[in-house]
Each structure stands twice: as C-alpha cells, then as structure tokens.
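Asker: Have a look at this one before I ask anything.
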Amino acid sequence: MVNRRDAVLGLLFGAGFVGLRSLVSGIPAAILLDPRRAMAAADAGAAPAPITKPQYIIYSTSFNGDPVNCNAPGTYDDPGIEHPSDPSMVATPMTLGARSVKGAQIWSTLPASVLARTCFFHHGTYTVIHPDEVKVLGLLGQIANGDMLPSFLARELSTALGTVRPQPLSLGGAGAIEAIYYQGQPQAFLTPTTLASVLGAPKNGLGSANLVTLRDQTLDSLNAFARSQGNTAQRNFVDQYATSVSQLRTLQQGLLSSLSTIKDNSQDSQIQAAIILFQMKVTPVVAVHVSFGGDNHGDTALANEIAGHQTGVASIAKMMQGLSTANLQDQVTFVMSNVFGRTMVNGFNANGRQHNDRHHVTVMIGAGVQGSVIGGPTIAQGAAGGGGQGTTEYAALPIDSSTGLGSTSGDIAYSDTLQSMAKTLAAAVGMPSSTISQNILSGTVIQPALTS
Numbered sequence: 004m005v006n007r008r009d010a011v012l013g014l015l016f017g018a019g020f021v022g023l024r025s026l027v028s029g030i031p032a033a034i035l036l037d038p039r040r041a042m043a044a045a046d047a048g049a050a051p052a053p054i055t056k057p058q059y060i061i062y063s064t065s066f067n068g069d070p071v072n073c074n075a076p077g078t079y080d081d082p083g084i085e086h087p088s089d090p091s092m093v094a095t096p097m098t099l100g101a102r103s104v105k106g107a108q109i110w111s112t113l114p115a116s117v118l119a120r121t122c123f124f125h126h127g128t129y130t131v132i133h134p135d136e137v138k139v140l141g142l143l144g145q146i147a148n149g150d151m152l153p154s155f156l157a158r159e160l161s162t163a164l165g166t167v168r169p170q171p172l173s174l175g176g177a178g179a180i181e182a183i184y185y186q187g188q189p190q191a192f193l194t195p196t197t198l199a200s201v202l203g204a205p206k207n208g209l210g211s212a213n214l215v216t217l218r219d220q221t222l223d224s225l226n227a228f229a230r231s232q233g234n235t236a237q238r239n240f241v242d243q244y245a246t247s248v249s250q251l252r253t254l255q256q257g258l259l260s261s262l263s264t265i266k267d268n269s270q271d272s273q274i275q276a277a278i279i280l281f282q283m284k285v286t287p288v289v290a291v292h293v294s295f296g297g298d299n300h301g302d303t304a305l306a307n308e309i310a311g312h313q314t315g316v317a318s319i320a321k322m323m324q325g326l327s328t329a330n331l332q333d334q335v336t337f338v339m340s341n342v343f344g345r346t347m348v349n350g351f352n353a354n355g356r357q358h359n360d361r362h363h364v365t366v367m368i369g370a371g372v373q374g375s376v377i378g379g380p381t382i383a384q385g386a387a388g389g390g391g392q393g394t395t396e397y398a399a400l401p402i403d404s405s406t407g408l409g410s411t412s413g414d415i416a417y418s419d420t421l422q423s424m425a426k427t428l429a430a431a432v433g434m435p436s437s438t439i440s441q442n443i444l445s446g447t448v449i450q451p452a453l454t455s
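Numbering (the working numbering), first residue to last: 4 to 455.
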C-alpha cells in the first residue's frame, strides 16, 4: 500500500517524483519527461513562450462572503454607506496610481510600494448563496468548457512557468463547499502542516543528503542523452538550466527554514506554504483562505469585521515580506475574491451585515497591476440580500472601460463586471488577449487596472 507520505509526494511531484528531480537539478519537468522532444526544439530554436512575464497566483477565496467590499477604497465618498466605528476603519486618503482615494485606515498601513500595485475592483457576483462559491469561481458558466477561473489560469500559466502540474492546489478549502475543480475533476486539499511534515522530514525529505546525489544523477543522465545525439547546442541547452550544488544547498536551506516556521494551518501558514510550492515549481496557482470578518450576521458593532480587517491586512503585509525574502515579489500575484459581498446601507448593520449579490470587491496585488479603484457602488433596487430596507441596497456601477471609473453610462454593463474582473486578472498575470477572449466568454479587460 502507498503510505501517506508517498501519496503527498506523488501529488506534489508527479509520477517518478519528476518534480523533485526538476527541483534539485533546475531542469524543467517538461524536459525531464520528454528530453528527446525538448532537445529537438532546442536544436531547431525553441519558439517564444506565448505568455510574457507569467505570474504565480495566490488565490484567496471564501464561501463566507467576507465584508471586504464594505470598507475598501471607493466606498467612503457616499455617506449612505456604513462603516464600523473604529480608528482602523475611518476614512483615510491614500494614493492608488494617479488618484488620491479614501478607504479604511487599515488599508493605508500597507507600504506605498504595495499600494502602487493594488487594485480594488468593484463588481457583482449575482448570488447570495454560500455554496455558489463554486459557481462564482466558474464565472457562472462564462468560462469555456465549464472550467473555473483559478484552474483556467493554472492550466495556461503552467508551461510558461515550468511547473510540475497544471492543476491548482488548495491549502485553505472548507471541504466540498470550496472545492477547486480542474476540467471537471475535484482537486485534493493539502494542509500546510502536512506539507511541512512531509517535506521537512529528516529522512527522505528536503533535508536529506541524497538531494545532491539525485541532482548529479539527473544531470548525468541528461548529459549522456545529449552526448548520444552528438550536438553541442543540446548539451549547452542542458547546462543553461542546471542548478549548481551551491545553488541547490542555498535553495534547500531556504526551503527548510521556511518549512520550519509552519506550525499550524492558519492563513499565514497557508500563504507561507504557497510560497514554498512556488519555489519548488509545483503549481502555478494555490488557493488559500484569508479572512476579513467572515459571514458576519449578528456581528455586534461589527467587531468581527474590524478584527478581520486588521488580521487580514496584516497577513497581506506579511505575505509581501515573505515574497521579498524568497525573491518572488515580482513573480507572484495575490487575488482575493469571494462568493458575494455584504450589505452597506447606513443604519441597518449595527448587529451584522447580510448577503449582497450586487456588490463585491476583488483585491488584486501584483507586478502587472496598477494601483487603482475600478468601478464603484451605487444605491439600487433589487439587491437580493437586503439590509433591513427591503430590496434597496448598494450595487456595483457599470464601468467606463477607458478610465476604469464607475458610471451609470459606463460601456461595461453591471452584468459583465464579474467577467471583466476575471479578464483583467488574466491580463495582469501575463495572459495574451487571444487566450483570454477564447476562454472567458464575456466582459472586457480594464486597462487602467494594468501596468501596461
């Protein structure tokens, strides 16, 4: 019987642990799997990758419907929107791109360099049902072949990033209600503590001495193959990827140090584990769960919302530090997008907020993201969640695609705001426009949210 450790290693590194051999040697897994094809491509001159500046993605998602939308930049210009009474939630000016905007004070505690690449995207999700998280991740059927947004992104980014697997991994799922599907198949959940215990094990883990031996065996095998082809260009092709022993030891020590800090399955540990998976080139997308207050019905004085925003922003700040330490600050994009937003009408939320299908805010942070507020809220009829005031509640405005501003006359309809967020995210992580349009069936890329 396959033991639990081998099952996890197989999940991470594939058949024959090709991903582990890729990690220790520096040779992309695709070359190890099919060296003859890779060598032939090198000999002929490999075609450029169709994705420029591809990004890994930490994708925070939650079926709770956290109140992120209620205190994000773009919600402080309307006195009809209720915010918690706490210093961390007071209206505070901050610079996002070329604009000075007001948001909760807690957001302003992020470094200016982080805010310069942070987008707050206002949109609808068109549902108030918790289990519809799976549908929202699938853009309510607006992704080709019924796929999910994180899975589509993972599939397309995998080759350009040279990851072992094209499927995303989930570290923060809450069972089937937050399952990540890839081409119709549910993906396994992996906890940070499991990752740490398996990879940090003193025997046969990343700390074992046989990693250098495995590196040498892998490189010797490929060099022998190249010599048999009699082609200097092919040997040089192997050499350009090869990790030196000193590089391997530095990487090994860094990974072991990071693994040793994982003691639980908290949101900070999920993020730390995601960074480790990217360093090992296991997957392009890791799903986590960063809370900003949760499903806050009965939240007296919005205390959970206040605390959630404080810990949530702190986790983002810690993530940015972790990415910098791993030298991945320009190679990883963070996105937080949940099942729905919360109600915001002033005077009806002292004892908690209700579900809001028409207004939600997705947060994106990355090298391809321009500091910005895209869209915005407006009072509207017909929001399913209500707020103690019938069906009058805030909804996302249509968006002017040329400016990114919310406007009743915007050319991007309210019904396309969710899909437009998805297309903009895809562009931010390096996806070419042809791939985006073929796979996301509606919506528009919002250029003001992007660096180029």
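Virtual Cβ for every residue (Gly too), placed ideally from N, Cα, C.
My output table needs one value for residue 62: the three-state DSSP class, helix, strand or coil.
Answerer: Here residue 62 corresponds to residue number 59 of the sequence shown, with the count starting at 1. Residue 62 falls in the strand class under three-state DSSP.
Asker: Quick one: is residue 390 buried, meaning 16 or more other Cβ sit within 10 Å of its Cβ, or exposed?
Answerer: Walking along the sequence shown from the start, residue 390 turns up at place 387. Because residue 390 carries a pLDDT of 43, less than 50, the predicted location of this residue cannot be relied on, and the following value inherits that uncertainty. Its Cβ being crowded by 16 or more others within 10 Å, residue 390 is buried.
Asker: Among 451, 326, 271 and 356, whose alpha-carbon lies nearest the alpha-carbon of residue 306?
Answerer: Residue 306 sits at position 303 when you count from the first residue of the sequence shown. The residue with the shortest Cα to Cα distance from residue 306 is 356.
Asker: Do the segment 24 to 39 and the segment 260 to 276 meet, that is, are 3 or more Cβ pairs less than 8 Å apart?
Answerer: Verdict: no, contact absent.
Asker: Considering only C-alpha positions, which residue in the set 423, 276 and 12 is nearest to residue 364?
Answerer: Against the sequence shown, residue 364 aligns to sequence position 361. Comparing Cα positions, the closest option is 423.
Asker: Using a Cβ-Cβ cutoff of less than 7 Å, which residues in the same chain neighbour residue 189 once the five nearest sequence positions on both sides are dropped?
Answerer: Taking the sequence shown and counting its residues from 1, the one referred to as residue 189 is at position 186. The answer, listed in chain order, is 182.
Asker: What's the gap between the Cα of residue 187 and the Cα of residue 297?
Answerer: The count along the sequence shown starts at 1 and reaches residue 187 at position 184. The count along the sequence shown starts at 1 and reaches residue 297 at position 294. Rounded to whole angstroms, residue 187 to residue 297 spans 28 Å at the Cα level.
Asker: Express the C-alpha separation of residue 227 and residue 456 in angstroms, rounding to a whole number.
Answerer: It is not possible to answer for residue 456, since the shown part of the chain is limited to 4 through 455.
Asker: Using the Cα positions of residue 14 and residue 317, report the straight-line distance between them to the nearest angstrom.
Answerer: Stepping through the sequence shown from its first residue, residue 14 is reached at position 11. Stepping through the sequence shown from its first residue, residue 317 is reached at position 314. One C-alpha to the other measures close to 31 Å.
Asker: So the beta strand (DSSP E) residue 375 belongs to, where does it begin and stop?
Answerer: The residue you call residue 375 lines up with position 372 of the sequence shown. From DSSP, the beta strand (DSSP E) with residue 375 extends over 375 to 377.
Asker: Does the distance from the C-beta atom of residue 344 to that of residue 67 stay below 8 Å?
Answerer: Counting from one through the sequence shown, the residue named residue 344 turns up at place 341. Counting from one through the sequence shown, the residue named residue 67 turns up at place 64. Cβ distance not < 8 Å, so residue 344 and residue 67 don't count as in contact.
Asker: Less than 8 Å separating the beta-carbons of residue 380 and residue 125?
Answerer: Your numbering for residue 380 matches position 377 in the sequence shown. Your numbering for residue 125 matches position 122 in the sequence shown. Yes, they are a contact pair.
Asker: If we count the other Cβ atoms within 10 Å of its Cβ and call it buried at 16 or more, is residue 275 buried or exposed?
Answerer: Taking the first residue of the sequence shown as 1, we reach residue 275 at position 272. Looking at its Cβ environment, which holds 16 or more other Cβ atoms inside 10 Å, residue 275 is buried.
Asker: Report the CB separation of residue 430 from residue 446 in whole angstroms; it is logged as a contact under 8 Å.
Answerer: Your numbering for residue 430 matches position 427 in the sequence shown. Your numbering for residue 446 matches position 443 in the sequence shown. No, residue 430 and residue 446 are not in contact; Cβ-Cβ is about 11 Å, not under 8 Å.
Asker: To the nearest angstrom, how far is the alpha carbon of residue 397 from that of residue 359?
Answerer: Start at 1 with the first residue of the sequence shown, and residue 397 comes out as number 394. Start at 1 with the first residue of the sequence shown, and residue 359 comes out as number 356. Cα-Cα distance, rounded: 8 Å.
Asker: Which residue's Cα is closest to the Cα of residue 302: 70, 28 and 438?
Answerer: In the sequence shown, residue 302 corresponds to position 299, counting from 1. When each option's Cα is compared against that of residue 302, the closest is 70.
Asker: Rounded to whole angstroms, how far is the Cβ of residue 353 from the Cβ of residue 304, which I believe are closer than 8 Å?
Answerer: By one-based count along the sequence shown, residue 353 stands at place 350. By one-based count along the sequence shown, residue 304 stands at place 301. Yes, they are in contact, since the Cβ atoms of residue 353 and residue 304 sit about 7 Å apart, within 8 Å.
Asker: Starting from residue 105, follow its DSSP beta bridges and name the residues at the other end.
Answerer: Position 102 of the sequence shown holds residue 105. Bridge partners of residue 105: 96.
Asker: Please return the same chain residues whose Cβ sits closer than 8 Å to the Cβ of residue 210, not counting the five positions on each side in sequence.
Answerer: Locating residue 210 in the sequence shown gives position 207, where the first residue counts as 1. Hits under 8 Å: 203, 204, 255 and 259.
Asker: Counting Cβ pairs, one atom from each stretch, are 3 or more of them under 8 Å apart for the segment 430 to 443 and the segment 403 to 413?
Answerer: Segments in contact, no.
Asker: Can you give me the start and stop residues for the beta strand (DSSP E) that residue 367 sits inside?
Answerer: Sequence index remark: in the sequence shown, residue 367 carries index 364 (1-based). Its beta strand (DSSP E) spans residues 363 to 368.
Asker: How about residue 35 and residue 283: do their beta carbons lie closer than 8 Å?
Answerer: In the sequence shown, counting from the first residue as 1, residue 35 sits at position 32. In the sequence shown, counting from the first residue as 1, residue 283 sits at position 280. Their beta carbons are not under 8 Å apart, which means residue 35 does not touch residue 283 by this criterion.
Asker: Are the Cβ atoms of residue 192 and residue 173 separated by less than 8 Å?
Answerer: Residue numbering aside, residue 192 sits at position 189 when the sequence shown is read from its first letter. Residue numbering aside, residue 173 sits at position 170 when the sequence shown is read from its first letter. Yes, Cβ-Cβ distance for residue 192 and residue 173 is below 8 Å.
Asker: Tell me which same chain residues have a C-beta within less than 8 Å of the C-beta of residue 321, skipping the five on either side of it?
Answerer: Taking the first residue of the sequence shown as 1, we reach residue 321 at position 318. Hits under 8 Å: 271 and 274.
Asker: For the candidate residues 132, 30 and 326, whose alpha-carbon lies nearest to that of residue 222?
Answerer: The sequence position of residue 222 within the sequence shown is 219, counting from 1. That would be 30, whose Cα lies nearest to the Cα of residue 222.
Asker: Using the rule of at least 16 other Cβ atoms within 10 Å of the residue's Cβ for burial, across every protein chain shown, is residue 201 buried or exposed?
Answerer: Numbered from 1 along the sequence shown, position 198 holds the residue referred to as residue 201. It counts as buried.
Asker: State the DSSP-derived secondary structure class of residue 133, mapped to helix, strand or coil.
Answerer: The residue labelled residue 133 in the question sits at position 130 within the sequence shown. Residue state, collapsed to three classes: helix.
Asker: Checking the sheet assignment: what are the DSSP bridge partners for residue 359?
Answerer: For the purposes of this step, residue 359 is identified with residue 356 of the sequence shown, where counting begins at 1. According to DSSP, residue 359 bridges with 344.
Asker: Is it the case that the Cβ atoms of residue 121 and residue 340 are separated by a distance below 8 Å?
Answerer: For this step, residue 121 is matched to residue 118 along the sequence shown. For this step, residue 340 is matched to residue 337 along the sequence shown. For residue 121 and residue 340, no; Cβs fall outside 8 Å.
Asker: State the start and end residues of the unbroken alpha helix (DSSP H) segment that holds residue 181.
Answerer: Counting from one through the sequence shown, the residue named residue 181 turns up at place 178. From DSSP, residue 181 is part of no alpha helix (DSSP H); its letter is neither H nor E.
Asker: Please say whether residue 453 and residue 338 have beta carbons closer to each other than 8 Å?
Answerer: Taking the sequence shown and counting its residues from 1, the one referred to as residue 338 is at position 335. Taking the sequence shown and counting its residues from 1, the one referred to as residue 453 is at position 450. In this structure, residue 453 does not lie closer than 8 Å to residue 338 by Cβ.
Asker: Helix, strand or coil for residue 195 per DSSP?
Answerer: As a first step, residue 195 must be located in the sequence shown, where it is residue number 192. Three-state DSSP puts residue 195 in a helix.
Asker: May I have the straight-line CA-CA distance separating residue 444 from residue 138, to the nearest angstrom?
Answerer: Stepping through the sequence shown from its first residue, residue 444 is reached at position 441. Stepping through the sequence shown from its first residue, residue 138 is reached at position 135. Their Cα atoms are separated by approximately 15 Å.
Asker: To the nearest whole angstrom, what separates the beta carbons of residue 123 and residue 165, a pair I think is in contact under 8 Å?
Answerer: Stepping through the sequence shown from its first residue, residue 123 is reached at position 120. Stepping through the sequence shown from its first residue, residue 165 is reached at position 162. The pair is not a contact, with the Cβ atoms about 32 Å apart (cut-off 8 Å).
Asker: Might you give, ordered along the chain, the residues of its own chain that have their beta carbon closer than 6 Å to the beta carbon of residue 96, omitting 5 neighbours on each side?
Answerer: For the purposes of this step, residue 96 is taken as residue 93 along the sequence shown, with counting starting at 1. Taken in chain order, the residues that qualify are 103 and 105.
Asker: Measuring straight from C-alpha to C-alpha, what distance separates residue 60 and residue 54?
Answerer: Numbered from 1 along the sequence shown, position 57 holds the residue referred to as residue 60. Numbered from 1 along the sequence shown, position 51 holds the residue referred to as residue 54. Each residue's alpha carbon lies about 15 Å from the other.
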